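In this note's numbering, the protein residues as written are 153 to 728. Take a look at the structure below.
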Amino acid sequence: MERTRMRWTKYYLPTFKETPSDAEIPSHKLMLRAGLIRKLTAGVYTFLPLGFRVLKKIETIVREEMDRIGCQEVLMPILHPSELYKESGRFQHFGPELFKLHDRRNRLFALGPTHEEVITDMARSELKSYRQLPQCHYQILTKFRDEIRPRFGVMRAREFIMKDAYSFHTSEESLDEIYEKMAGAYRRILDRCGLSNVMVEADAGKIGGDINHEFVVLAQEGESEIFSCSCGYAANDERAESLGRPAEVKEPVLDTPQKIKTPGQKTVEEVTAFLGAKPSQLVKTLLYKTSNKTVAALIGGDRTLSETKFSKIVGDPMIEPLSDEEIFELTGAEVGYSGPVGLPKDTMIIADTLLEEFQGMIVGANETDAHLRGVKMGRDFTPNASANISRARAGDRCPRCEKGTLSVQRGVELGHIFKLGTKYSESMGATYLDDDGKERPFIMGCYGFGVSRTVAAAIEQHHDEKGIIWPSSITPMHVLVLPVNIADAQTRNTAEMLYEDLRGAGFDVLLDDRDLRPGYKFKDADLIGIPLRITLGERNLKKGMIEIYYRREDRSELVRKKDVIHTIQRFYEPDQ
Ligand code: ATP
Ligand code: MG
């Protein structure tokens with residue numbers, strides 16, 4: 153790669169020290185403060201020169217790893233005819249997340265949120281024979297999604313850069329092979345970017361298919377929650393199942409449910425405290441509607457509902473909680489007193505699998521200010537289905553080995569890979585001729601990776617109270633040369649010399665040639681987080697020595713002038 157050298161006085165690197173008021177998480181604050189990005193409008197950002205350098209380094213790593221597994225780079229359009237989404241059925245599914253626009257003839261288009269439809273359209277006219285398969289194509293391109301809540305800067309943007317890849321196969325075995333290679337490539341990308349990560353089972357969301365995995369970079373303030381067990385089980389919060397854990401106190405079953413007055417007691421905490429019971433004795437009844445029915449979700453009082461799991465069981469992605477008025481209309485009671493006993497017959501009841509371990513239950517009585525005790529499932533009400541619809545919790549028993557306990561970590565989802573099967577090829581009529589002349593739909597896989605999100609995730613995982621600490625492989629510059637007193641001739645000359653020699657030796661160099669107080673320059677250096685800083689001070693120089701400061705370890709070392717380049721080479725060797 154062509155090496156760069158820059159003088160700070162000429163470089164557009166606007167730093168500031170105040171905490172930006174609209175930024176919540178460290179990476180967003182630091183990206184603004186270190187002059188990496190600027191906001192145009194909600195969820196839409198410019199990458200400034202220093203930030204763009206990081207983005208390009210990540211892109212290079214991604215590209216190298218895709219090329220290594222034989223995936224071919226293409227460039228597909230951003231502007232998509234909306235008919236394609238109607239063919240695949242995703243026009244509805246994406247709903248308001250799809251950015252739409254009309255051309256001058258009033259034809260409807262969408263700005264690409266992902267490219268399954270576009271590439272399947274290409275495949276159905278280009279790939280005719282089994283002899284042309286398998287194929288794997290990728291691109292690195294801007295995507296558009298009108299996110300409900302764009303936030304955290306480039307982490308959840310409405311316009312962002314993704315690497316997306318798609319593969320076409322004649323058999324499941326061939327898909328499995330590419331899927332494994334892709335998983336390996338994702339691992340290597342993240343490892344090379346210096347990001348500790350986990351691969352977890354996940355939910356297929358709007359993309360579809362069954363088997364899919366996410367790659368999550370661990371970070372305390374990440375949006376994703378992942379559960380894992382020492383047996384190797386790992387899944388994200390939308391997917392993770394659990395076997396719960398035995399309740400300390402169980403509600404006994406009574407001969408018939410007993411109605412108890414609970415005036416003004418609505419929440420689980422209020423009701424159980426009022427009754428002198430534990431949340432594990434109570435069952436919550438949460439009421440939802442779909443386009444054509446009402447559905448009740450029953451879960452333990454100490455659990456939360458996973459809307460993702462629930463909507464999958466209900467078979468409708470558009471579930472919505474009932475309003476207070478609708479609840480009153482259905483149950484005849486205010487919010488807080490709903491229960492499964494005596495609900496209208498056409499209300500579908502789905503009980504969480506963990507309720508199978510309950511004996512009796514405390515539930516709402518469908519009467520304002522009243523609850524029922526000693527209720528028994530199967531006798532007093534019968535659910536239409538039992539399914540895992542509650543979220544896993546740290547400390548739950550592992551669903552796979554059934555012995556270990558699940559622990560929870562937070563992180564940022566950077567990659568998501570899917571075995572799509574024939575979902576798109578069937579709905580869009582994309583077929584090839586197999587070796588006995590039969591028409592068959594392609595078996596497909598798709599593989600997304602958030603390139604711009606990686607910049608933020610890297611900072612989320614690598615920073616301290618003073619600023620960013622770039623992993624050495626994606627640092628925007630390798631070395632910051634910081635002359636303490638620019639007015640001193642020897643300091644200035646040495647700085648110029650190093651500035652030249654370091655680039656010659658294959659490093660990107662930034663020279664802080666600003667005539668500012670040293671304290672100010674050091675603060676900026678810590679903020680922008682270049683792994684190595686060469687500090688040029690008069691006293692050391694007189695002795696022929698130069699200070700190298702290691703940002704991550706917060707450690708300095710004095711080396712002879714002639715050893716500087718060698719020391720820096722040693723530091724960056726593993727990345728070369
Ligand atoms: P999320 O659950 O975070 O919304 P997703 O499941 O919608 O992600 P995919 O459709 O699988 O994401 O997209 C592939 C990758 O693109 C994600 O793993 C993520 O790294 C990136 N990505 C998705 N949405 C955004 C966004 N709004 N801003 C930045 N990057 C994104
Ligand atoms: Mg999304």
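Built from N, CA and C at the ideal position, the CB exists for glycine as well. Given the structure is predicted, the values throughout are model-derived calculations rather than measurements.
Checklist line | Cα-Cα separation between Leu-395 and Cys-553, rounded to whole angstroms | finding: Taking the first residue of the sequence shown as position 1, residue 395 is located at position 243. Taking the first residue of the sequence shown as position 1, residue 553 is located at position 401. Going by the C-alpha atoms only, they are around 10 Å apart.
Item checked: Near the ligand ATP: Phe-379 beta-carbon under 7 Å from a heavy atom -> Locating residue 379 in the sequence shown gives position 227, where the first residue counts as 1. Distances from the CB of Phe-379 to the heavy atoms of the ligand ATP are all 7 Å or more.
Note to self: Can you give me the C-alpha to C-alpha distance between Lys-333 and Gly-360, rounded to a whole angstrom?
What the structure shows: Numbered from its first residue, the sequence shown carries residue 333 at position 181. Numbered from its first residue, the sequence shown carries residue 360 at position 208. Rounded to whole angstroms, Lys-333 and Gly-360 show a C-alpha spacing of 20 Å.
Next item on the list: Can you say whether Gly-512 is buried or exposed, counting buried as having 16 or more other CB atoms within 10 angstroms of its CB?
Entry: By one-based count along the sequence shown, residue 512 stands at place 360. By the neighbour-count rule (16 or more Cβ atoms within 10 Å), Gly-512 is buried.
Check: Excluding sequence positions up to five away, which residues of its chain have a Cβ less than 7 Å from the Cβ of Ile-189?
Finding: For this step, residue 189 is matched to residue 37 along the sequence shown. The residues are Met-183, Tyr-197, Thr-198, Phe-199, Leu-200, Gly-203, Gly-305 and Val-306.
Margin query: On the criterion of 16 or more Cβ atoms from any shown chain inside 10 Å, does Gln-721 qualify as buried, or is it exposed?
Written below: Taking the first residue of the sequence shown as 1, we reach residue 721 at position 569. Looking at its Cβ environment, which holds fewer than 16 other Cβ atoms inside 10 Å, Gln-721 is exposed.
Checklist line | Buried versus exposed call for Ile-300 [16 or more other C-beta atoms within 10 Å across all chains shown] | finding: Counted from its first residue, the sequence shown places residue 300 at position 148. The residue is exposed, with fewer than 16 neighbouring Cβ atoms inside 10 Å.
Checklist line | Same chain, Cβ closer than 8 Å to Val-270, neighbours up to 5 away in sequence not counted | finding: The sequence position of residue 270 within the sequence shown is 118, counting from 1. These residues qualify, in order along the chain: Met-228, Pro-229, His-232, Leu-236 and Gly-264.
Check: Beta carbon of Val-487, beta carbon of Lys-413: below 8 Å?
Finding: Along the sequence shown, one-based indexing puts residue 487 at 335. Along the sequence shown, one-based indexing puts residue 413 at 261. Inclusion of Val-487 and Lys-413 in the CB contact set at 8 Å is not warranted, their separation being larger than that value.
Check: Is the Cβ-Cβ distance between Asn-388 and Glu-377 less than 8 Å?
Finding: Numbered from 1 along the sequence shown, position 236 holds the residue referred to as residue 388. Numbered from 1 along the sequence shown, position 225 holds the residue referred to as residue 377. One thing to note: Asn-388 has its Cβ within 8 Å of the Cβ of Glu-377.
Check: Within 10 angstroms of its Cβ, does Pro-248 collect 16 or more other Cβ (buried), or is it exposed?
Finding: By one-based count along the sequence shown, residue 248 stands at place 96. Around the C-beta of Pro-248, fewer than 16 other C-beta atoms lie within 10 Å, and the residue is accordingly described as exposed.
Note to self: Quick check on the DSSP output: the alpha helix (DSSP H) that includes Arg-562 runs from which residue to which?
What the structure shows: If you number the sequence shown from 1, residue 562 lands on position 410. Looking at the DSSP string, Arg-562 is not in any alpha helix (DSSP H); the run it does join, the beta strand (DSSP E), is 559 to 573.
Next item on the list: Below 8 Å on the Cβ atoms is my guess for Arg-703 versus Pro-683; work out the distance and round it to an integer in Å.
Entry: What you label residue 703 is simply residue 551 of the sequence shown in a count that begins at 1. What you label residue 683 is simply residue 531 of the sequence shown in a count that begins at 1. That belief holds up - the Cβ atoms of Arg-703 and Pro-683 are roughly 5 Å apart, short of 8 Å.
Notebook entry, point to check: Nearest-angstrom Cα distance between Leu-585 and Phe-594?
Noted result: Along the sequence shown, one-based indexing puts residue 585 at 433. Along the sequence shown, one-based indexing puts residue 594 at 442. The straight-line gap separating the alpha-carbon atoms of Leu-585 and Phe-594 is approximately 10 Å.
Checklist line | Identity of the residue in Ala-354, Pro-473 and Asn-518 nearest Ser-490 by Cα | finding: Here residue 490 corresponds to residue number 338 of the sequence shown, with the count starting at 1. Closest option to Ser-490, Cα to Cα, is Asn-518.
Next item on the list: Compute the minimum distance between the beta carbon of Leu-566 and the heavy atoms of the ligand ATP, and state whether it is under 7 Å.
Entry: The sequence position of residue 566 within the sequence shown is 414, counting from 1. The answer is yes for Leu-566.
Margin query: When you compare the CB positions of Leu-327 and Ser-348, do they come within less than 8 Å of one another, or not?
Written below: The residue given as residue 327 occupies position 175 in the sequence shown. The residue given as residue 348 occupies position 196 in the sequence shown. The Cβ-Cβ distance between Leu-327 and Ser-348 does not fall below 8 Å.
Notebook entry, point to check: Would Thr-606 be called buried (16 or more neighbouring beta carbons within 10 Å of its own) or exposed?
Noted result: Reading the sequence shown from its first residue, position 454 is the one you call residue 606. By the Cβ-count criterion, Thr-606 is buried, with 16 or more other Cβ atoms from all chains shown falling within 10 Å of its own Cβ.
Item checked: Helix, strand or coil at Ser-128 according to DSSP, with G and I counted as helix -> With the chain covering only 153 through 728, there is no way to say anything about residue 128.
Margin query: Contact defined as beta carbons within less than 8 Å: I believe Thr-272 pairs with Tyr-576. What is the distance between those atoms, to the nearest angstrom?
Written below: In the sequence shown, the residue the question calls residue 272 occupies position 120. In the sequence shown, the residue the question calls residue 576 occupies position 424. Contact flag correct, Cβ pair sits at about 5 Å.
Notebook entry, point to check: Who pairs with Leu-370 in a beta bridge, going by DSSP?
Noted result: Counted from its first residue, the sequence shown places residue 370 at position 218. Under DSSP, Leu-370 shares a beta bridge with Gly-563.
Margin query: Output needed for Lys-209: all residues of its chain with C-beta closer than 6 Å, excluding positions within five of it in sequence on either side, in chain order.
Written below: Here the question's residue 209 lines up with position 57 in the sequence shown. Sequence-distant partners of Lys-209 (beyond 5 residues in either direction) whose C-beta falls short of 6 Å from its own C-beta, in its chain, are Ile-626.
Next item on the list: Using the Cα positions of Lys-126 and Val-350, report the straight-line distance between them to the nearest angstrom.
Entry: No answer is possible for residue 126: it lies beyond the span of the chain, which begins at 153 and ends at 728.
Margin query: Please give the ranges of any beta strand (DSSP E) in the stretch 188 to 223, keeping only runs that are unbroken, at least 3 residues long and fully inside the region.
Written below: If we require 3 residues or more, the beta strand (DSSP E) runs fully inside the stretch 188 to 223 come out as 189 to 193 and 196 to 199.
Note to self: For Arg-185 and Ala-354, I'd like the C-alpha separation in whole angstroms.
What the structure shows: Position 33 of the sequence shown, counted from the first residue, corresponds to residue 185. Position 202 of the sequence shown, counted from the first residue, corresponds to residue 354. Their backbone Cα atoms lie some 34 Å apart in a straight line.
Checklist line | Continuous beta strand (DSSP E) assignments of at least 3 residues falling wholly in the stretch 284 to 334 | finding: Within the stretch 284 to 334, the complete beta strand (DSSP E) runs of at least 3 residues are 287 to 296 and 311 to 321.
Next item on the list: Note down the Cα distance separating Leu-524 from Pro-551, rounded to an integer number of angstroms.
Entry: Counting from one through the sequence shown, the residue named residue 524 turns up at place 372. Counting from one through the sequence shown, the residue named residue 551 turns up at place 399. Taking the straight line from one Cα to the other gives about 32 Å.
Notebook entry, point to check: Buried or exposed: which applies to Asp-316, given that a residue is buried once 16 or more other Cβ atoms fall within 10 Å of its Cβ?
Noted result: Working through the sequence shown from its first residue, we reach residue 316 at position 164. Asp-316 is classed as buried because its beta carbon has at least 16 other beta carbons within 10 Å across all chains shown.
Checklist line | Own chain residues within Cβ distance below 7 Å of Ala-262, not counting five before or after | finding: Numbered from its first residue, the sequence shown carries residue 262 at position 110. Here the set comprises His-232, Ser-234, Tyr-237, Leu-250, Phe-251 and Lys-252.
Next item on the list: Using beta-carbon positions only, say whether Lys-430 and Thr-437 come within less than 8 Å of one another.
Entry: Your numbering for residue 430 matches position 278 in the sequence shown. Your numbering for residue 437 matches position 285 in the sequence shown. Their beta carbons are not under 8 Å apart, which means Lys-430 does not touch Thr-437 by this criterion.
Next item on the list: Note the first and the last residue of the continuous beta strand (DSSP E) segment covering Tyr-163.
Entry: Here residue 163 refers to the residue found at position 11 of the sequence shown. Counting along the chain, Tyr-163 falls outside any beta strand (DSSP E), and DSSP gives it neither H nor E.
Next item on the list: State the beta-bridge partners of Tyr-584 as determined by DSSP.
Entry: The residue given as residue 584 occupies position 432 in the sequence shown. In the DSSP output, where bridge partners are listed per residue, Tyr-584 has Arg-592.
Check: Regarding Thr-294 and the ligand ATP, is the C-beta to nearest heavy atom distance less than 7 Å?
Finding: Walking along the sequence shown from the start, residue 294 turns up at place 142. Answer for Thr-294: no, Cβ out of range of the ligand ATP.
Check: If you count every other CB in all the chains shown that lies within 10 Å of the CB of Tyr-651, and 16 or more means buried, which is it?
Finding: One-based indexing of the sequence shown puts residue 651 at position 499. With 16 or more other Cβ atoms within 10 Å, it is buried.
Notebook entry, point to check: Going by the C-beta, is Glu-299 closer than 7 Å to any heavy atom of the ligand ATP?
Noted result: On the sequence shown, position 147 is the one that residue 299 refers to. Distances taken from the Cβ of Glu-299 to the heavy atoms of the ligand ATP include one shorter than 7 Å.
Margin query: Can you give me the C-alpha to C-alpha distance between Ile-502 and Phe-296, rounded to a whole angstrom?
Written below: Taking the first residue of the sequence shown as position 1, residue 502 is located at position 350. Taking the first residue of the sequence shown as position 1, residue 296 is located at position 144. Approximately 36 Å, taken between the alpha carbons.
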